[in-house]
Each structure stands twice: as C-alpha cells, then as structure tokens.
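Accompanying notes for the structure given below.
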Ligand SMILES: [Zn+2]
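Residue numbers (the working numbering): 44 to 191.
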C-alpha cells in the first residue's frame with residue numbers, strides 16, 4: 044500500500060516569488076521520494092493528526108527554481124530574499140545589497156513569527172477560558188467542583 048502526501052507552505056501557492064539574480068518569476072519545483080518503514084524520518088511523516096499510516100509513504104516536497112539561472116532555492120531562504128526585495132523595493136539585488144539587508148530581513152521574519160506565536164497563544168487561551176466559562180454557567184450550580 045502506498046500513501047501519497049505533499050508538504051508545502053501555503054505561501055508557496057498564494058504568493059509570487061522572484062529570483063534575486065535575474066528578477067524572473069520562480070517556479071515551484073517538486074521532489075518526490077519514497078519513505079520506507081524504519082527510515083529515520085518515517086515517524087515524522089507517517090502521522091496526520093491522530094491518524095497513522097501503514098506502509099511506504101510517497102512524499103512530495105517543494106522548493107523554488109529559477110529556470111533562467113538554473114538555480115534551486117530552498118523556501119526558507121527565499122522567504123528571507125522576498126523580505127529583502129520588499130525592503131529594497133526591487134527584485135534584483137546586488138551582492139552588496141544582499142549582504143547589507145540579509146540580517147535585517149532575518150530579524151524582521153523572526154520578530155513576525157514571535158508575534159504570530161503570541162497571538163495564537165492568546166487566542167487559544169481565550170477560547171479555553173470561554174469554553175470553561177460556558178461549561179461553568181451551563182452547569183448552573185453555585186458551588187463549583189473541578190475534576191481534573
Ligand atoms: Zn534567476
């Protein structure tokens with residue numbers, strides 16, 4: 044039995060990415076490999092939520108390719124490049140611009156990730172408290188007993 048799965052960030056589909064060397068639009072580049080039971084990364088790819096698959100997994104992963112420069116770019120790298128392109132307001136970056144902006148772009152992405160994490164946690168806590176509150180009021184009693 045073969046299980047097929049593909050893994051990619053939503054951003055790869057929803058945003059356009061450009062080569063920082065030539066400015067051409069980058070293409071998504073698919074790699075498919077088979078992961079067998081006992082392979083080091085089998086465990087990581089064999090569960091979907093609470094479901095676990097049995098048998099080999101055919102995994103498709105994506106990176107970016109510039110067909111003009113014939114270059115493959117890792118998505119995490121390209122997200123940094125995208126940020127640098129936005130900061131400088133252009134697609135083609137010189138080596139100097141690349142060197143000057145890279146650290147700032149990485150810091151900006153890291154900061155955004157931290158903010159997103161905090162928001163996600165805050166929302167989760169609010170929802171949990173709301174559920175607890177609703178549970179308490181629907182029980183309708185005055186003396187609360189908590190069971191853990
Ligand atoms: Zn290119």
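Just so it is clear, CB atoms sit at the ideal spot from N, CA and C, and this is done for glycine as well.
Could you spell out where the alpha helix (DSSP H) holding residue i opens and where it closes?
i, result
"residue 106", "Element bounds for residue 106: not the alpha helix (DSSP H) but the beta strand (DSSP E), 99 to 109."
"residue 157", "138 to 182"
DSSP puts residue i in a beta bridge; with which residues?
i, result
"residue 48", "102"
"residue 61", "68"
"residue 90", "95"
"residue 75", "103"
Could you check whether the Cβ of residue i sits closer than 8 Å to any Cβ belonging to chain C?
i, result
"residue 112", "Here there is only one protein chain, and chain C is not present."
Tell me the rounded alpha-carbon separation between residue i and residue j.
i, j, result
"residue 68", "residue 179", "55 Å"
"residue 181", "residue 169", "18 Å"
"residue 153", "residue 131", "19 Å"
"residue 139", "residue 127", "12 Å"
"residue 70", "residue 104", "13 Å"
"residue 174", "residue 137", "53 Å"
"residue 155", "residue 58", "17 Å"
"residue 141", "residue 111", "20 Å"
"residue 129", "residue 49", "29 Å"
"residue 115", "residue 109", "7 Å"
"residue 106", "residue 172", "40 Å"
"residue 72", "residue 56", "12 Å"
"residue 74", "residue 98", "20 Å"
"residue 89", "residue 54", "23 Å"
"residue 125", "residue 147", "12 Å"
"residue 144", "residue 84", "34 Å"
I need the boundaries of the beta strand (DSSP E) containing residue i, first residue and last residue.
i, result
"residue 114", "114 to 116"
Roughly how far, in whole angstroms, is the beta-carbon of residue i from the beta-carbon of residue j, given that I think they are within contact range, below 8 Å?
i, j, result
"residue 76", "residue 102", "6 Å"
"residue 135", "residue 46", "At roughly 42 Å, the Cβ-Cβ gap does not stay under 8 Å, so residue 135 and residue 46 are not in contact."
contact_flag[the region 48 to 65, the region 115 to 122] where n(CB pairs < 8 Å) is 3 or more: The region 48 to 65 and the region 115 to 122 touch, with no fewer than 3 CB-CB distances between them shorter than 8 Å.
Given 8 Å, three or more beta-carbon pairs between the region 150 to 167 and the region 72 to 89: No contact exists between the region 150 to 167 and the region 72 to 89.
Contact the region 160 to 176 vs the region 84 to 99: 3+ CB pairs below 8 Å: The region 160 to 176 and the region 84 to 99 do not touch, with fewer than 3 CB-CB distances between them shorter than 8 Å.
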